[in-house]
Structure formats: structure tokens, C-alpha cells
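Novice:
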Amino acid sequence: MNPPVTMRQIAERARVSIGTVSHVINDTAKVREKLRQRVLEAIRSLGYQPSQLARGLRRNQTSMLVMIIPDVTNPFFPAVVRGVEDVAYSSSLRLVLCNTDNDPRKEISYLNELRAYRPAGWLVIPAADSEIAAHLKSPVPGSPVVCLDRQPKGWSGDVVLVANEAGAYSATRHLLRMGHRQLAVITGPLHLANAVERLNGFKRALAEAKVSIEPDYVQEARFERNSGYHAAKRLLGMLPRPTAIFACNDLMALGVLLAARELGLHCPEELSIVGFDNLDFAEFTAPALTTVCQPGYQLGTTAARLLLERIAGLKQPPQRVVLPTELKIRNSVASPSSAHSAPERKQSGEVAEVC
Ligand code: RIB
Numbered sequence: 001m002n003p004p005v006t007m008r009q010i011a012e013r014a015r016v017s018i019g020t021v022s023h024v025i026n027d028t029a030k031v032r033e034k035l036r037q038r039v040l041e042a043i044r045s046l047g048y049q050p051s052q053l054a055r056g057l058r059r060n061q062t063s064m065l066v067m068i069i070p071d072v073t074n075p076f077f078p079a080v081v082r083g084v085e086d087v088a089y090s091s092s093l094r095l096v097l098c099n100t101d102n103d104p105r106k107e108i109s110y111l112n113e114l115r116a117y118r119p120a121g122w123l124v125i126p127a128a129d130s131e132i133a134a135h136l137k138s139p140v141p142g143s144p145v146v147c148l149d150r151q152p153k154g155w156s157g158d159v160v161l162v163a164n165e166a167g168a169y170s171a172t173r174h175l176l177r178m179g180h181r182q183l184a185v186i187t188g189p190l191h192l193a194n195a196v197e198r199l200n201g202f203k204r205a206l207a208e209a210k211v212s213i214e215p216d217y218v219q220e221a222r223f224e225r226n227s228g229y230h231a232a233k234r235l236l237g238m239l240p241r242p243t244a245i246f247a248c249n250d251l252m253a254l255g256v257l258l259a260a261r262e263l264g265l266h267c268p269e270e271l272s273i274v275g276f277d278n279l280d281f282a283e284f285t286a287p288a289l290t291t292v293c294q295p296g297y298q299l300g301t302t303a304a305r306l307l308l309e310r311i312a313g314l315k316q317p318p319q320r321v322v323l324p325t326e327l328k329i330r331n332s333v334a335s336p337s338s339a340h341s342a343p344e345r346k347q348s349g350e351v352a353e354v355c
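This is how it looks when you write it as C-alpha cells:
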């Protein structure tokens with residue numbers, strides 16, 4: 001690899017002073033157009049790459065964005081990250097991705113260690129059990145933070161969310177409309193605001209329909225397939241057995257499908273299932289999963305744009321952006337009164353209902 005090109009070499013090639021080169025590169029003073037062009041030509045011909053490190057030290061800030069997420073192997077998060085990266089890239093910012101594995105200590109250690117790299121901004125999807133809000137309250141000066149998908153407890157800064165309550169409400173209404181009265185729910189971790197909102201939407205729909213909630217029919221899990229599977233095993237062992245389960249994310253819905261299959265219960269004839277997320281696999285499960293679609297990519301682009309506005313110095317009160325969700329009706333729900341009757345849709349294709 002060739003040694004990096006220095007400003008001195010550029011100055012010699014362009015026959016100007018090092019100060020002039022520096023002004024052109026850093027845009028710190030007006031330079032006569034003729035000289036500026038000579039410097040730019042020298043930069044091009046020598047293949048000069050500005051040192052991001054030196055630039056960061058001078059400005060006390062780099063062009064790096066840090067994104068902290070629970071786990072990129074969870075198929076919900078890649079679309080969100082992709083949305084962030086596309087916006088960052090087009091603004092010449094570069095993304096560093098950190099997985100917390102839902103471990104709040106790892107989350108805090110990333111936050112503390114990466115401050116030293118002077119990122120331009122932060123995007124945070126908090127871990128379950130996150131205590132990050134207390135640490136975000138003393139933000140790095142000039143390095144704004146936007147939280148997304150999950151609002152950490154105690155966080156009053158910018159946040160981009162989806163309509164969790166409305167989405168869960170419409171999923172539950174759909175089950176009620178199909179005639180279910182023994183409805184169970186598998187929630188996410190209930191110290192996460194989005195898990196509580198989804199549970200509230202479920203409860204609201206039941207209350208409106210004057211259907212009582214059997215306390216044992218509310219099972220808390222961890223937004224993971226295995227915890228959904230175990231919660232479903234508990235529910236499906238109860239008497240009376242629920243006729244429908246609303247799983248508050250698709251991974252847990254997949255766990256419910258597996259548990260039902262193991263117990264020899266047919267979905268949707270003997271058990272109806274609705275998920276939340278609309279992950280790619282939801283179309284390909286057997287039967288195809290009815291689920292609440294949340295716009296993962298748009299969640300990422302919206303949060304990144306908000307962060308860019310903050311980095312640019314926009315002064316406005318903290319923003320709380322809520323994106324709509326949409327119920328995707330597929331084949332995993334049928335009427336409970338007619339075991340072996342037609343499911344909600346027999347043909348391929350789907351119906352969508354905006355929440
Ligand atoms: O699967 C991950 C879940 O946790 C999603 O539903 C998302 O909203 C997140 O918070």
C-alpha cells in the first residue's frame with residue numbers, strides 16, 4: 001500500500017502554500033478560484049484521501065453514526081438497519097453497528113466506549129431491560145441521539161415508533177370478528193413500552209367486545225421463537241384451551257405454530273394464530289401467517305433523517321413520530337365454531353387493513 005498523500009505534496013504539486021491547501025480541503029476560508037482549481041486538480045492526480053481521524057480531531061466529531069440494536073440475527077432488524085444506512089450513506093455518513101444481545105451491560109459499555117470516537121450521532125433500539133435512558137441523559141455535546149422501535153423508560157428525546165396499540169387492536173378485532181371468544185396473547189417483555197402497547201391494544205379490543213380476559217391466557221415471553229414456543233405449550237395445555245393466540249411478534253408466532261404442530265393441532269381449524277411484524281417468512285409458513293405489518297425500513301429511514309436534522313443543528317422540541325401499521329390477512333385464522341370449515345382465505349393472495 002502506498003503511504004498516504006500529505007498536504008505538503010499537494011501544496012508542492014499545486015504551487016501553493018500548505019495553508020491554502022488546508023483552506024480548500026476544510027473549507028475554512030475563501031480561496032481564489034484559480035488556486036482552488038489547482039489544489040483540486042493536485043488532489044485528484046495524487047489520489048489524496050483526507051484522514052477521517054485528523055478531521056474528527058479538528059472538528060471534535062467524525063462522520064460516523066453509531067447504531068445500537070438488540071440482535072441483527074433477529075430478522076426484524078436488518079430492514080431497519082438498511083433504512084438507516086441508506087440515508088446515512090447518501091449524506092456521506094458511515095454506519096457502525098453494535099449488537100447488544102439484549103444485554104443492558106453490553107449496551108452501556110458500547111455507549112461509553114464509542115463516545116471516545118466522537119460519532120456525529122447515535123441511533124438506539126434499546127435492549128430488553130435497558131437502562132440506557134439514564135446514560136443518554138448526559139449526551140455527548142453536539143452528538144444527538146434518536147431512539148427507535150422501542151422507547152426506553154425515562155427517555156424524553158427524539159423517538160420513532162410504530163402504532164403498536166392500534167396494530168394489536170386490529171389483530172384482536174379480526175379474531176373477534178371471526179367469532180373467537182377464548183383468546184390468548186403472548187406478549188413481549190413487559191418492561192418494553194412496545195410490548196405493553198401491544199398488550200393494551202389486545203385488551204382494548206376485548207373490553208369493547210365485552211369479552212373477559214382469562215388472566216392465565218396472558219403469557220409473557222421475550223420476542224424470541226423459543227419463548228413463544230414455551231408460552232404456547234403452556235397455553236395449549238390449559239382447559240379450556242384457547243381457540244386463538246395473538247403472538248406479539250412473528251418469531252413468537254412461529255414458536256406457536258411449532259408447538260401446535262407438535263401437539264397435533266391444526267392451524268387454523270383448531271387454533272388460529274396472528275403475529276406482529278410481517279417478516280419475510282410470514283408468507284411462507286404453512287398456513288401463511290396473518291400478521292400486523294410494521295414498516296421496518298421506513299422506521300430506519302425516518303429515524304436517520306431526524307438524526308441528520310439534529311446533526312445539522314435543527315432546534316425543535318423532541319419529536320415523537322409514530323408510523324402506521326397494517327393488518328395482513330392471510331390463512332392462519334378461521335372461525336372456531338366450524339372446525340374443518342373454510343379458513344379466512346382459501347386462495348393465495350392477501351387482504352390488508354390499515355390500523
Ligand atoms: O422481533 C423483534 C421485535 O422486537 C419486533 O416486533 C420489534 O418491534 C422489536 O421491538
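Residue numbers (UniProt numbering): 1 to 355. Ideal Cβ positions, reconstructed from N, Cα and C, are used throughout, including at glycine.
1. Helix, strand or coil for Thr20? Go by DSSP, reduced to three states.
2. Could you say which of Tyr89, Cys98, Met252 lies nearest to Val185 if we only look at CA atoms?
3. Does the segment 79-99 come close enough to the segment 12-31 to have 3 or more Cβ pairs within less than 8 Å?
4. Considering only the beta carbon of each residue, do Ile273 and Ala304 sit closer than 8 Å?
5. Which value, in whole angstroms, describes the spacing of the CA atoms of Ser332 and Leu148?
6. Confirm the yes/no value for this check: CB of Gln37, any heavy atom of the ligand RIB, distance under 7 Å.
7. Do you know how far the Cα of Ser17 is from the Cα of Val24?
8. Taking DSSP's pairing of strands, which residues face Gln219 in a bridge?
9. From the DSSP secondary-structure annotation, give me the bridge partner or partners of Arg320.
10. Please list the terminal residues of the continuous beta strand (DSSP E) segment that includes Val145.
11. Distance check for Pro78 and Arg115, CA to CA, integer angstroms please.
12. Buried or exposed, going by whether 16 or more other CB atoms sit within 10 Å of the CB of Phe223?
13. Taking the Cβ atom as the reference point for each residue, do Leu323 and Gln298 lie within a distance shorter than 8 Å?
14. Three-state secondary structure (DSSP) at Met7?
15. As a quick exercise: from Arg310, Ser335, Ala334, pick the residue whose alpha carbon is nearest that of residue 356.
16. What residue ranges within the segment 68-147 form continuous beta strand (DSSP E) runs of no fewer than 3 residues, ordered along the chain?
17. Decide if Leu161 is buried, meaning its Cβ has at least 16 other Cβ atoms within 10 Å, or exposed.
Specialist: This is what the structure gives:
1. To locate residue 20, count along the sequence shown from 1; it is residue 20. Here DSSP, grouped into helix, strand and coil, assigns Thr20 to helix.
2. Counting from 1 along the sequence shown, the entry for residue 185 is found at position 185. Of the listed residues, the one whose Cα sits closest to Val185 is Met252.
3. Touching, no, given that fewer than three Cβ pairs across the two stretches are closer than 8 Å.
4. Counted from its first residue, the sequence shown places residue 273 at position 273. Counted from its first residue, the sequence shown places residue 304 at position 304. Their beta carbons are not under 8 Å apart, which means Ile273 does not touch Ala304 by this criterion.
5. Position 332 of the sequence shown, counted from the start, is the residue given in the question as residue 332. Position 148 of the sequence shown, counted from the start, is the residue given in the question as residue 148. Computed Cα separation, rounded: 30 Å.
6. Here residue 37 refers to the residue found at position 37 of the sequence shown. Distance from the C-beta of Gln37 to the nearest heavy atom of the ligand RIB is not below 7 Å.
7. Counted from its first residue, the sequence shown places residue 24 at position 24. Counted from its first residue, the sequence shown places residue 17 at position 17. Going from the Cα of Val24 to the Cα of Ser17 covers about 11 Å.
8. Position 219 of the sequence shown, counting from 1, holds the residue named residue 219. Bridge partners of Gln219 according to DSSP: Ile186.
9. The sequence position of residue 320 within the sequence shown is 320, counting from 1. Paired residues: Val159.
10. Numbered from its first residue, the sequence shown carries residue 145 at position 145. Residues 145-148.
11. Taking the first residue of the sequence shown as position 1, residue 115 is located at position 115. Taking the first residue of the sequence shown as position 1, residue 78 is located at position 78. When rounded, the distance between both Cα atoms is 24 Å.
12. Indexing the sequence shown from 1 puts residue 223 at position 223. Counting Cβ neighbours within 10 Å, Phe223 comes out buried, since at least 16 surround it.
13. If you number the sequence shown from 1, residue 323 lands on position 323. If you number the sequence shown from 1, residue 298 lands on position 298. Contact: yes.
14. Working through the sequence shown from its first residue, we reach residue 7 at position 7. Residue state, collapsed to three classes: helix.
15. Lying before the first or after the last residue shown, residue 356 is absent from the chain, which here runs from 1 to 355.
16. Within the segment 68-147, the complete beta strand (DSSP E) segments of 3 residues or longer fall at 94-99, 121-124, listed in chain order.
17. What you label residue 161 is simply residue 161 of the sequence shown in a count that begins at 1. Residue environment for Leu161: buried (at least 16 other C-beta atoms within 10 angstroms of its C-beta).
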